[in-house]
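Residue numbers (my numbering): 451 to 516.
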């Protein structure tokens with residue numbers, strides 16, 4: 451006689467749910483936008499203002515990527 455296992459779902463459960471993918475995408479977009487805004491704000495500062503906060507113009511890209 452054959453037996454049927456009814457404890458397993460009939461369809462495979464996806465490893466990553468749509469909600470998790472959307473949340474990750476939103477977080478990555480938010481992080482990218484924050485870095486973009488930081489670079490834009492620092493780029494508008496003068497050399498003197500950058501020195502006051504301990505930065506140089508060539509460090510702006512690095513700071514925006516952190």
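A virtual CB, placed ideally from N, CA and C, is assigned to each residue, including glycine.
message = If you follow the alpha helix (DSSP H) that residue 493 is in, where does it begin and where does it stop?
response = 468 to 493
key: Cα-Cα separation between residue 472 and residue 501, rounded to whole angstroms   = 40 Å
ask   = DSSP state of residue 503, grouped into three classes?
value = coil
request  = Would you give the residue range spanned by the alpha helix (DSSP H) that residue 511 belongs to?
outcome  = 510 to 515
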